[in-house]
Amino acid sequence: MWNAINPGVKLSDYVLMETNLSGTWEWTTMQNQRLHWSTRDDANPSFEKSKLKKDTDPKMLTLEPQRIRTFLILYAAEEDANAILQ
């Protein structure tokens, strides 16, 4: 995507952050501050948890079918890499 929009400009670095659907909170912040509901079925073993592993590398992500995700991507060109990452 970078090369198509910025021909001839070398990409220095980028920051990839997953956010909530409105793009206003980082995903980890939202997960830590949201309400955790307890229900009768929490202990029911017939409801399996997701077997997909969570993303651990901030520059790699796993896209799943029918799951809407929102990301904020900050790009830095070689000449202004220090300005955006500080």
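All letters in the sequence shown, in the order written, are residues 8 to 93 by my numbering.
Where is the CB? At the ideal position from N, CA and C, for every residue including glycine.
Could you give the DSSP three-state label for residue 12: helix, strand or coil?
helix
In the structure shown, what three-state DSSP assignment does residue 71 receive?
If DSSP states are grouped into helix, strand and coil, residue 71 belongs with coil.
Run of the alpha helix (DSSP H) containing residue 36, from where it starts to where it stops:
34 to 40
Using a threshold of 8 Å, state whether the C-beta atoms of residue 77 and residue 23 are closer than that.
Their beta carbons are not under 8 Å apart, which means residue 77 does not touch residue 23 by this criterion.
Tell me whether the beta-carbon of residue 79 lies closer than 8 Å to the beta-carbon of residue 26.
yes
Residues that DSSP places opposite residue 79 in a beta bridge:
24
Same chain only: Cβ atoms within 8 Å of residue 84, ignoring 5 sequence neighbours per side
13, 16, 17, 18 and 19
In the DSSP assignment, what are the bridge partners of residue 84?
18
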